[in-house]
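One structure below.
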Amino acid sequence: MENYSEETQALLQRIDAMKLEIDALRPIKPEQEARIFQKFRLDWNYNSNSIEGNKLTYGETAAFLMEGLTAKGKPLKDHLDIKGHNEAIDFLLALQRKDSELTEADIRALHTMILVEPYQNEAQTAEGHPTTKTIRLGEYKSSPNHVKTATGAIHYYASVEDTPIMMRELIEWYRENRDTMHPLVLSTLFHHRFVGIHPFDDGNGRMTRLLSNLILMRSGFPPLIIRQDEKSEYYGVLSQADVGVTEPLIQHFAERLIRSLETYIKGAKGEDISEPTDIDKEIALFVAGFSEEEIKKEAISEDNFVTALMQSFPPLLYAFSKQEGKINSLFFDNIIKVRFVVKNLKDDSDTAWSSISELSSLPASDIWTYWMHNNTFLERIIKYYRDNYTVNRMLRIVVLSEHSAFKANAAMETVNGYIVLDFYRGEYKIHNAVNEFYITKYYKDKIKDEEVTEFISSYFKTLMESITNSYRNATKAKE
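Heads up, the sequence shown is in full-length UniProt numbering, so the first residue is 1 and it goes up one at a time.
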């Protein structure tokens with residue numbers, strides 16, 4: 001064993017003894033092996049990304065990996081970081097199974113996986129001034145990536161020109177020492193050398209933690225996890241290694257590998273490998289499955305119902321009225337009807353629907369003005385809500401646009417367009433009753449301009465198809 005202190009040698013001896021204990025427990029049941037590695041995977045994904053500033057909680061990380069659930073309000077990049085890191089772990093496992101030589105191509109492929117897609121990142125010039133750079137996948141750095149430390153000093157990494165040479169030398173060093181150096185020491189020193197090169201514009205921390213664990217896993221060890229709350233100590237021992245004092249870093253890694261080995265042994269024996277804080281993680285996992293809007297959304301009330309009708313719907317009607325005028329010019333008769341309907345949600349039959357009332361012959365040219373400024377109409381919709389809403393009912397308001405007596409062919413059938421509002425307990429939906437285009441909103445959420453544009457486009461596309469087909473049929477019949 002290398003010429004290390006008694007403390008370091010004792011740690012390495014304990015690691016070897018624990019590995020022998022695991023080997024003696026083999027074969028381990030597949031379901032136990034899967035349970036053990038699932039814990040390692042979640043801890044590894046969460047902590048390695050958290051160290052780099054990822055804002056997803058442990059529960060949100062677990063929810064995203066296990067269920068594909070994204071945390072509302074968290075950046076897409078945070079989810080992509082977790083997704084990429086998780087796929088990179090799968091790639092490491094494939095490399096481990098193949099037992100092939102580790103190459104620079106593997107390292108670049110790994111980098112492509114963890115970053116997922118190119119992006120802009122804040123950076124510093126050689127003089128420490130702020131700038132931005134495009135982060136490219138699987139490519140060594142194209143400009144210096146020095147960093148300013150907490151003391152204001154500049155920490156220099158390998159130059160752009162030296163990076164390819166130093167990466168080749170790192171791979172050669174690894175191959176020369178892998179059969180003679182203790183796997184934990186080899187993994188630790190490889191980790192530090194990789195950090196010193198900092199070969200990529202971004203993602204170097206996650207990369208070196210992945211690669212150093214690959215070295216351990218190839219020697220039959222589980223991955224070691226540096227936890228987010230150990231970040232300061234981790235950076236501290238890395239700094240000591242920068243000036244040639246590597247034992248603190250080796251001891252730091254050894255202690256974390258022992259922690260992983262303890263988990264592995266407990267799991268292999270069928271013991272509980274959960275932690276006291278796991279209930280917090282379990283709750284966070286469950287809550288992370290729901291968006292912030294879902295948790296905070298309000299139930300329908302008279303105020304919410306009226307607000308949706310008098311604030312969110314008018315922008316849609318305004319855009320509708322502007323386009324409707326172009327259609328109206330093709331017909332002699334154009335009228336608007338508003339129907340008030342109720343559906344019994346506990347009844348799936350046709351009798352579930354009840355028509356309550358109808359307003360006929362409204363001004364087709366300006367339904368928006370009528371909707372907004374007719375007090376009688378406002379009183380009517382309030383009464384409709386009070387008389388009919390219960391938790392087991394859906395309220396439906398249908399705006400029917402009826403076009404008849406086509407000027408170019410009087411034999412053409414009447415053409416109708418529909419704007420439908422469905423009011424449920426926790427949300428309301430706007431659609432045209434024909435195609436699958438829906439706008440779903442929570443109460444007090446206003447409709448967006450882009451939603452209005454998309455809905456109106458969909459509505460009039462459907463209406464024009466009806467007009468075109470009716471005209472074609474009427475023309476054929478006339479012939």
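We put the beta carbon where it would ideally sit given N, CA and C, even for glycine.
Separation of I107 and S212 (C-alpha to C-alpha, rounded to the nearest whole angstrom) is 12 angstroms.
G196 sits in a helix when the DSSP states are folded into three classes.
In the three-state DSSP reduction, P130 falls in the strand class (E or B). Exposure of V147 is indicated by the presence of fewer than 16 other C-beta atoms within 10 angstroms of its C-beta.
Secondary structure note for H403: it is in no alpha helix (DSSP H), and the uninterrupted beta strand (DSSP E) holding it is 393 to 406. Counting the other Cβ atoms within 10 Å of the Cβ of Q13 gives fewer than 16, which makes it exposed. Linking F200 to E139 through their CA atoms gives a straight-line distance of about 7 angstroms. Around the beta carbon of A405, fewer than 16 other beta carbons lie within 10 angstroms, which makes this residue exposed. Shortest Cα-Cα distance from R227 to any of D242, R168, T369, R206 involves R206. L238 and L249 do touch by the CB rule: their CB atoms are close to 6 angstroms apart, below 8 angstroms. Annotated as proximal: Q120 and T132, with beta-carbon spacing under 7 angstroms. For D422, the uninterrupted beta strand (DSSP E) run begins and ends at 415 to 423, by DSSP.
I327 has its alpha-carbon roughly 11 angstroms from the corresponding atom of D333. The Cβ atoms of A352 and I456 do not sit closer than 7 angstroms to each other. Within a 10 Å sphere around the beta-carbon of P222 sit 16 or more other beta-carbons, which makes this residue buried. Spatial neighbours of N304 in its own chain (CB-CB distance under 7 angstroms, excluding positions within 5 residues in sequence) are listed in chain order as E298, Y443, K444. In the structure shown, the three-state DSSP call for L102 is coil.
Here H431 has V420, Y438 as same chain residues with Cβ atoms under 6 angstroms from its own Cβ, once five neighbours each way along the sequence are excluded. Annotation for Y438: the continuous beta strand (DSSP E) segment containing it runs 438 to 441. For the pair E302 and Y385, the CB atoms are nearer than the 7 angstroms cut-off. Out of P118, S312, D348, I382, the CA that lies nearest to the CA of V452 is found in S312. Bridge pairing for Q120: T134 [DSSP]. For S321, DSSP assigns no beta-bridge partner whatsoever.
Distances from the CA of L257 to each of E294, R209, I295 were compared; the closest alpha carbon is that of R209. E292 is not bridged by DSSP to any residue. DSSP places R256 in the helix class (H, G or I) of the three-state scheme. Bridge partners of Y428 according to DSSP: F423, K441.
Between the C-alpha atoms of H252 and Y234 there is a straight-line separation of about 7 angstroms. Taking C-beta separations shorter than 7 angstroms and ignoring five residues to either side along the sequence, the partners of L309 in its chain run I381, following chain order. In this structure the segment 151 to 160 does not lie against the segment 176 to 187, because fewer than three pairs of beta carbons, one per stretch, are closer than 8 angstroms. Counting along the chain, the unbroken alpha helix (DSSP H) around F305 starts and ends at 302 to 307. Ranked by Cα distance from R35, the options N374, G236, M181, G267 are led by G267. Bounds of any beta strand (DSSP E) do not take in I225, whose DSSP letter is neither H nor E. Residue environment analysis places V245 among the exposed positions, since fewer than 16 neighbouring C-beta atoms fall within 10 angstroms of its C-beta. For D179, the three-state secondary structure derived from DSSP is coil. Rounded to the nearest whole angstrom, the CA to CA distance from L317 to T134 is 44 angstroms.
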